[in-house]
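Numbering (my numbering), first residue to last: 11 to 155.
Everything below concerns the one structure shown next.
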C-alpha cells in the first residue's frame with residue numbers, strides 16, 4: 011500500500027470503542043481529521059452499515075461510505091484500529107477495523123490488498139499482536155510485497 015494511503019498516524023493500537031457504532035465513528039473521524047474525507051462522510055459510513063454489514067470475517071470489519079458519499083472523499087486513505095477486546099458486530103467478534111475512503115475506483119485496489127493481507131486468520135492474529143503503529147506498517151508492507 012502506498013504511504014500516502016497508509017500513514018503511521020492513521021493507525022491506532024489499543025483503540026477504545028466498545029460498540030460497532032463507536033468503532034465506525036472512530037475510524038471515520040480519523041479519516042476526517044487526517045483530511046481524506048469531509049465530516050459528512052462519517053455519517054455515510056453509518057448509512058452503509060445500515061444497508062449491509064461491513065463485517066468481513068476473521069475478526070475484521072471494513073466500514074466505508076455509501077456510493078453517494080464519493081463526493082465527500084478528498085483523497086484515498088485508510089484508518090486502522092486494533093482493539094484489545096472484541097466488539098460485537100452484528101453477532102460477530104471484531105478486533106480489527108479498517109476505515110476506507112477511496113477516490114474514484116482507488117478503493118477497490120485498497121480493498122483487494124486488505125483482503126489478501128487479512129484472508130488468513132493467522133495473519134489477522136499476528137497483526138492483532140502489534141504493540142505499535144510501526145509494527146502494523148511493517149505487517150502490511152510484508153504481506154503486500
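Heads up, the beta-carbon is just placed ideally off N, CA and C, and yes, glycines get one too.
Open item on the list: Considering only the alpha carbon of each residue, which of 32, 144, 116 lies closest to residue 71?
Closed with: 32
Task: First through last residue of the alpha helix (DSSP H) which encompasses residue 41 - done: 30–43
Open item on the list: For a test of the three-state rule: what should DSSP assign to residue 25, helix, strand or coil?
Closed with: coil
Task: Three-state secondary structure (DSSP) of residue 120 - done: It is helical.
Task: Status (buried if at least 16 other CB within 10 Å, exposed otherwise) for residue 13 - done: Confidence at residue 13 is low in this model, with a pLDDT of 48, below 50, so the placement of that residue should be treated as unreliable; the coordinate-derived value is given next. By the 16-neighbour rule on beta-carbons within 10 angstroms, residue 13 is exposed.
Open item on the list: How far does the alpha helix (DSSP H) with residue 51 in it extend, from its first residue to its last?
Closed with: Boundaries of the alpha helix (DSSP H) around residue 51: 49–61.
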